[in-house]
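Position in the sequence shown (from 1) plus 41 gives the number in the working numbering.
All residues carry an ideal CB built from backbone N, CA and C; glycine is no exception.
Heads up: the structure comes next, in structure tokens.
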Amino acid sequence: MKKFKLMLKPEWKGLLLAFVGGMVLAVLFGAYGFLTQRAALRQVQSELATLQVETAGLTGNTPWKVALYFIGDEEGQSLLVPEVRTITPTLEPEKAALRELIKGPAMAGLQPVLPPATTVRNLEIKDGLAVVDLSQEAVRIDRGSWGEALVVWSVVNTLTKFPEVEAVRILIEGQPVETLAGHFDLSRPLRRNEQVIRDNWTR
42 MKKFKLMLKP EWKGLLLAFV GGMVLAVLFG AYGFLTQRAA LRQVQSELAT LQVETAGLTG
102 NTPWKVALYF IGDEEGQSLL VPEVRTITPT LEPEKAALRE LIKGPAMAGL QPVLPPATTV
162 RNLEIKDGLA VVDLSQEAVR IDRGSWGEAL VVWSVVNTLT KFPEVEAVRI LIEGQPVETL
222 AGHFDLSRPL RRNEQVIRDN WTR
């Protein structure tokens, strides 16, 4: 039996080798891309699992305690009085604290600081600065210059009780304002003010 041997011209041999080489490279690149995608998917799944574990701790059933600051009058002087309140665990504890502040005090003798119709439109915290956006109802206060200052400091001191907040900027309906009701300057971020707090208030 005669054996046949495939004879190719040199130029065809080159083309064939190039084609085979290209196919091999395509397979290798495809396999690399597939493995890379699988590795990336595993990384994302791992990060999601970690996030779920972390957020599960934040949204557990253990109640949280936050300090709110309301106005208290004693011996003719108005200052802020801390009231500890229990809130449901949440991923936005600062916003929850502000909502509780708007609800008003539970302790007898203390006065609310913001109109009850006020809403927290937004709250963003970045690099220690909390920018809180309140609804238009927040400006409807009539307490004079000192009373208005206490309203502002109640918001600032409530938020700066959280370790990640160092200063607070207040907006109304998403816009910067000079004051709430014509007295206290809101053109700059405000830091915590311990001098307006009365810790030994009794009623």
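- Taking the Cα positions, residue 113 is about 9 Å away from residue 123.
- Minimum Cα-Cα distance from residue 108 among the listed residues 115, 117, 119 and 135 corresponds to 135.
- Cβ-Cβ separation between residue 142 and residue 191: approximately 12 Å, too far for a contact (criterion under 8 Å).
- Taking C-beta separations shorter than 6 Å and ignoring five residues to either side along the sequence, the partners of residue 174 in its chain run 162, 163, 212 and 215, following chain order.
- Here residue 195 is buried. Its C-beta has 16 or more other C-beta atoms within 10 Å.
- In the three-state scheme derived from DSSP, where H, G and I count as helix and E and B as strand, residue 171 is classed as strand.
- Excluding its 5 nearest sequence neighbours in each direction, residue 104 has C-beta neighbours in its own chain below 6 Å: 127, listed in chain order.
- Under the criterion of beta carbons closer than 8 Å, residue 221 and residue 189 qualify as touching, at roughly 6 Å.
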